[in-house]
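Peer 1: Pasting a structure here, questions to come.
Following this line, the structure appears as structure tokens:
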């Protein structure tokens, strides 16, 4: 609950702009879209850290603050493999900021300003910060393996959107459609840095549906700025938009309450009858009954079930091969 609330907070702060009511409305919409992914998985922390990253990039311009970013990426690399998405966002933002300034000033000397040099060096330094972890450079292999062809074929949530029924991701299509529509209407007011973050993330989201909610988080500043442009075109000032503030706050609260109440009334469980033929349900029940604990020699396919069933056993192997906890070749 705290991690999800932190993600919502930084989504709001990253979208914060000239009209606070519309910033809150944008944050409420984005948070509502991704709320179904607020599950007890470590990727939840990636929502928080990605939102925090986008906030840091928005707040500290033109050059980002190095120390907070180094700390963020060092933490991220020790929690979830999506730190690679963060590095991509950081790199795109840095490149877009420098390119926009180069186009504006029309002279190459801007490449060597203090701010731009800091911006350029921030990306490799943050990449180095990810190496502060128990596995060193190996986590880069893990991050890369998440987007391999093998991962796509074995894990359904990594498949591209065209391999899913249209209705299953319709809410994202509607949101991105609104973004495109508003973007066409107010293209001259779009900030290049917002576009540089949003477009690659959206393209990546279409390549793998698991990235869609993260792409939505990355578009929060763009969405908020387009809402402001729409309000200005309709000649709606903050005083006229303010009535939307309680509506947006209510939407955020409703999303939070719904998520919490659903998880409270639908606890994660494995019905024994479904798995009795595939997993050692009876054996686990026997081990628990006899009070046995410690290291256990198990078949690979049973490892995840054993870990889920009891905290009293240390499996010889299980599904955590993706994070390289086991030496190469041990599976064979």
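In the numbering used here, the protein residues as written are 900 to 1231. Backbone N, C-alpha and C fix where the C-beta goes; we use that ideal spot for every residue, glycine too. Just so you know, these numbers come straight off a predicted model, no measurement behind them.
What do you get for residue 1177, buried or exposed, if any count of 16 or more other CB atoms within 10 angstroms of its CB means buried?
Peer 2: Exposed.
Peer 1: Taking only three categories from DSSP, how would you classify residue 1195?
Peer 2: Correct three-state label for residue 1195: strand.
Peer 1: Is there contact between the segment 1090 to 1100 and the segment 1114 to 1128, where contact requires at least three CB pairs shorter than 8 Å?
Peer 2: Touching, yes, given that three or more Cβ pairs across the two stretches are closer than 8 Å.
Peer 1: Taking three-plus beta-carbon pairs below 8 Å as touching, is the segment 935 to 943 in contact with the segment 965 to 984?
Peer 2: Short answer: they touch.
Peer 1: Would residue 1217 and residue 1202 be called neighbours here (beta carbons separated by less than 8 Å)?
Peer 2: Yes. Within cutoff.
Peer 1: Considering only residues of the same chain and omitting the five flanking positions on each side of residue 1042, which have a CB-CB separation below 6 Å?
Peer 2: Here the set comprises 980, 983.
Peer 1: Any chance you could list the beta strand (DSSP E) runs of at least 3 consecutive residues sitting entirely within the segment 960 to 1010, in chain order?
Peer 2: Runs found: none.
Peer 1: Looking only at its chain, what residues have a beta carbon closer than 6 Å to the beta carbon of residue 914, apart from the 5 residues adjacent to it on each side?
Peer 2: So the list reads 922, 925, 926, 1119, 1120, 1123, once near-sequence residues are dropped.
Peer 1: What is the C-beta distance between residue 952 and residue 971, in whole angstroms, given that I count them as a contact (C-beta under 8 Å)?
Peer 2: With a Cβ gap of about 6 Å, residue 952 and residue 971 count as contacting.
Peer 1: Have a look at residue 1109 and residue 1089 and give me their C-alpha separation to the nearest angstrom.
Peer 2: When rounded, the distance between both Cα atoms is 27 Å.
Peer 1: For residue 1153 and residue 933, which I take to be in contact (beta-carbon distance under 8 Å), what is that distance rounded to the nearest angstrom?
Peer 2: 15 Å between Cβ atoms; not a contact.
Peer 1: Thinking C-beta only, is residue 949 closer than 8 Å to residue 1117?
Peer 2: In contact: residue 1117 and residue 949 (Cβ atoms closer than 8 Å).
Peer 1: Going by alpha carbons, who is nearest to residue 1082 out of 959, 1129, 918, 1020?
Peer 2: Nearest C-alpha to residue 1082: 1129.
Peer 1: How long is the line joining the alpha carbons of residue 1125 and residue 1132, rounded to whole angstroms?
Peer 2: Answer to the nearest angstrom: the Cα atoms are 10 Å apart.
Peer 1: Exposed or buried, what is residue 966 when buried is set at 16 or more other beta-carbons lying within 10 Å of its beta-carbon?
Peer 2: Exposed, because fewer than 16 other Cβ atoms sit within 10 Å of the Cβ of residue 966.
Peer 1: Using three-state DSSP, classify residue 1210 as helix, strand or coil.
Peer 2: Note: residue 1210 maps to coil in three-state DSSP.
Peer 1: With DSSP run on the structure shown, which of helix, strand or coil describes residue 900?
Peer 2: Of the three classes helix, strand and coil, the one that applies to residue 900 here is coil, per DSSP.
Peer 1: I need the straight-line Cα distance from residue 1198 to residue 1056, nearest angstrom please.
Peer 2: Roughly 25 Å separates the two Cα atoms.
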